[in-house]
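Residue numbers (the working numbering), protein chains in the order written: chain C, 279 to 677; chain D, 279 to 677.
For glycine and all other residues, C-beta sits at the position ideal for the given N, C-alpha and C.
As the structure is a computational prediction, the values presented were derived from the model and not from experiment.
Presented below is the structure to which this report refers.
Here you go:
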């Protein structure tokens with residue numbers, strides 16, 4: 279198979295960008311080199327001579343020598359402008375920007391199709407776990423039933439600290455920030471948006487569903503406290519923030535991001551710290567499990583490198599499921615949930631189909647019950663920051 | 279992407295073949311159907327009308343309608359004849375026969391190249407774990423440093439029973455046979471040959487190395503007894519049969535199949551029963567872990583199905599590493615091993631570079647020491663069935 283030499287224009291030179299530079303320098307076998315790097319801040323000291331850098335994005339986007347743009351910047355709107363211009367200019371693109379990709383998926387699909395350019399973004403989902411490529415290539419048929427995962431390393435680090443070191447959520451968050459695992463503004467991670475962006479992307483490759491993130495339900499871990507942790511400890515569970523996509527029937531798929539109690543018999547039980555884990559299930563009732571580091575410079579750079587390498591072989595995503603299946607998201611199903619609350623009057627008990635457990639104490643109360651998802655999603659009490667909502671360990675979705 | 283309709287000629291109608299038939303019947307989305315099935319025994323009762331079957335392989339191999347042969351028979355030499363004839367006749371082939379593929383790899387590569395036909399065999403390595411596809415597509419560059427795995431479900435089931443239920447090796451083997459996890463002649467599994475066949479195949483896709491199985495070292499689990507199990511229990515280890523391939527430097531790779539003590543901090547610790555697990559490491563020092571069922575009809579059928587689906591998209595292995603790298607196996611390295619023995623005179627202590635631990639008792643003796651691999655491989659005492667040889671949990675290969 280013939281291999282194309284890649285001349286890369288790189289946007290962003292943080293830890294991932296720097297790692298990428300080093301490996302490409304040391305690995306001629308990759309048949310790729312970075313011609314120039316566009317960065318934002320002219321004042322910042324950098325570890326390479328200044329002629330490698332530019333502050334004008336057009337120096338890269340309009341350079342006919344550059345056939346690939348690697349986009350590793352934070353700002354998702356600026357990233358979209360760079361990526362879409364690059365595609366219009368006929369350049370292949372590699373990106374790790376999940377927010378940008380999730381929010382602009384439809385436009386990015388149209389650009390790929392109109393300009394016939396490859397756009398790869400394995401690093402955007404679960405960093406070093408090659409889940410997109412596996413969904414595209416190995417699960418390239420309609421036999422996939424579900425996809426569930428711990429897909430956000432930073433919340434998983436926080437939850438692991440709460441569970442293992444028995445510290446409070448604010449303490450664990452502070453620790454994560456000190457270690458560089460959480461942003462100074464951690465809302466994207468902690469409130470489940472980052473996980474939702476990844477789920478949005480995975481839905482396209484798993485089930486051919488293109489949905490705006492705003493239409494996908496996400497609950498984060500910010501409402502969890504000592505009540506939930508104690509319940510988990512007593513039962514021998516851990517709490518994980520799960521991204522779940524599951525076929526309900528031949529037309530509809532459920533998709534949500536929610537914290538969930540995980541029992542020791544589940545694979546996710548051992549996905550701790552900044553690790554990510556993804557489990558796929560096919561209609562042969564067989565489960566496969568993938569695990570790797572979900573945050574950090576190296577795992578991300580590793581995924582970016584594999585995309586660069588694949589580009590040199592002219593690989594591109596085919597989005598095969600979109601041609602095969604006609605699935606859409608549904609809100610019409612029944613879920614079992616754990617509800618932690620301070621006061622019964624905060625809740626609307628009649629919203630529940632059944633209540634199987636109820637616990638009342640001075641420190642807090644909880645119930646376990648079944649509720650229709652569309653009710654949960656729309657009822658006002660579920661927005662109350664004093665009420666926690668978690669999937670039970672026996673999670674299943676019924677019609 | 280255009281999709282070719284596949285008309286399949288199936289060889290073998292055991293549990294995997296039957297499962298495949300059922301799913302293809304139920305899943306029109308796969309764009310494939312089985313036209314006819316070649317089986318061996320005319321006397322056997324089968325769950326389909328007799329017009330589906332033939333006993334003459336040429337009825338499938340010479341049928342111009344049939345564009346894909348799926349080979350699921352036991353006999354590896356008969357399988358090679360079927361597969362090579364099918365390729366000569368211009369048909370794509372899917373096989374799960376690791377022994378056949380490992381022993382005839384060079385010829386099969388030549389046939390693929392001469393007749394330009396795809397030959398896929400994901401089911402031959404770790405059943406449902408898509409490891410070959412990931413090595414081909416995701417690790418499609420020269421950054422892979424190592425690949426290690428529990429790749430044989432039947433020995434892993436036996437070792438799990440020994441460790442968890444504290445039963446003896448013969449008892450555990452009997453249990454495995456009763457459950458259908460081990461053959462009536464279990465030597466291929468128990469002596470590490472099956473794992474070696476898989477390692478042979480993985481070496482080609484991971485490092486571009488094509489080597490005859492006879493040149494790859496394998497030690498099985500048949501010499502393990504109460505001494506080794508007690509040592510493992512005392513240290514909190516488990517014993518797993520590991521297949522290991524690791525770059526030693528830019529020219530050479532070590533490859534071996536040996537039992538190894540696994541500490542609780544290793545991912546393989548939780549790969550129990552018939553599960554397989556594979557860990558890859560890249561030069562970014564990042565590790566990915568894959569886990570899935572390694573034995574049984576469904577996991578194998580699942581992998582066969584994915585290959586069939588990929589064939590319908592004209593997928594074929596590119597064996598990219600062979601064009602990129604020039605690596606070969608080396609025997610010239612130092613290993614740390616645990617040696618269990620009955621009598622000091624059985625051993626040649628001067629063969630060891632260093633001995634760090636020595637234990638003597640009425641029930642048996644052991645030592646832990648470093649030895650050059652070429653010495654271990656050739657010394658006569660290592661062939662003594664009363665001497666066990668395991669990798670220590672601190673496994674590393676030094677020059």
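Below-8 Å beta-carbon distance, residue i vs any chain D residue
i	result
residue 407/C	yes
residue 569/C	yes
residue 260/C	No answer is possible for residue 260/C: the residues shown for chain C start at 279 and end at 677.
residue 602/C	yes
residue 424/C	no
residue 546/C	no
residue 399/C	no
residue 579/C	yes
residue 435/C	no
residue 531/C	no
residue 293/C	no
residue 543/C	no
residue 459/C	no
Chain-order list of residues whose beta-carbon lies under 7 Å from that of residue i (same chain, five-residue window excluded)
i	result
residue 343/D	285 and 313
residue 624/C	659, 662, 664 and 665
residue 626/D	657 and 659
Proximity to residue i [Cα-Cα], best of the options
i	options	result
residue 471/C	380/C, 633/C, 578/C and 621/C	380/C
residue 534/D	475/D, 513/D and 504/D	475/D
residue 642/C	620/C, 635/C, 464/C and 600/C	620/C
residue 614/C	668/C, 413/C and 304/C	668/C
residue 409/D	609/D, 287/D, 482/D and 600/D	482/D
residue 366/C	387/C, 496/C and 353/C	387/C
residue 575/C	364/D, 438/D, 564/D and 523/D	564/D
residue 307/C	460/D, 651/D and 419/D	419/D
residue 484/D	281/D, 350/D, 416/D and 358/D	416/D
residue 606/C	552/C, 639/C, 525/C and 577/C	525/C
residue 553/D	403/D, 357/D and 430/D	430/D
Residue-chain proximity (residue i, chain C), Cβ-Cβ < 8 Å
i	result
residue 420/D	yes
residue 526/D	no
residue 564/D	yes
residue 588/D	yes
residue 415/D	yes
residue 583/D	yes
residue 412/D	yes
residue 308/D	yes
residue 515/D	no
residue 301/D	yes
residue 595/D	no
Cβ-Cβ distance between residue i and residue j below 8 Å
i	j	result
residue 549/C	residue 536/C	no
residue 582/D	residue 346/D	no
residue 368/D	residue 396/D	no
residue 426/D	residue 557/D	yes
residue 546/D	residue 428/D	yes
residue 290/D	residue 405/D	no
residue 383/D	residue 301/D	no
residue 608/D	residue 532/D	yes
residue 617/D	residue 644/D	yes
residue 442/D	residue 421/C	no
residue 460/C	residue 432/C	yes
residue 646/D	residue 634/D	yes
residue 587/C	residue 282/C	no
residue 227/C	residue 503/C	Missing from the structure shown is residue 227/C; chain C here goes from 279 to 677 and no further.
residue 589/D	residue 499/D	no
residue 315/D	residue 331/D	yes
Spatial neighbours of residue i in its chain, beta-carbon cut-off 8 Å, leaving aside the 5 residues before and after
i	result
residue 585/D	372, 398, 399, 400 and 401
residue 355/D	378
residue 244/C	Past the edges of chain C, shown from 279 to 677, lies residue 244/C, and the structure says nothing about it.
residue 466/C	377 and 472
Own chain, CB closer than 6 Å to residue i, minus 5 neighbours either side, in chain order
i	result
residue 579/C	294, 297 and 298
residue 567/D	545 and 557
Listed by chain order, chain B residues near residue i by CB distance under 9 Å
i	result
residue 305/C	Of the protein chains in this structure, namely C and D, none is chain B.
Taking only runs that begin and end inside the region 537–625 of chain D, name each unbroken alpha helix (DSSP H) of 4 or more residues, in chain order. You should have 575–590 and 598–602.
Please list the segments of the alpha helix (DSSP H) lying wholly inside the region 293–317 of chain C, counting only runs of 4 or more residues, in order along the chain. Counting only runs of 4 or more, we get 293–304.
If we require 3 or more residues per run, which beta strand (DSSP E) segments fall completely within the region 395–442 of chain C? Counting only runs of 3 or more, we get 422–428.
Restricting to runs no shorter than 4 residues, where is the alpha helix (DSSP H) found entirely within the region 476–538 of chain C? DSSP runs (the alpha helix (DSSP H)) wholly in the region 476–538 of chain C: 504–513.
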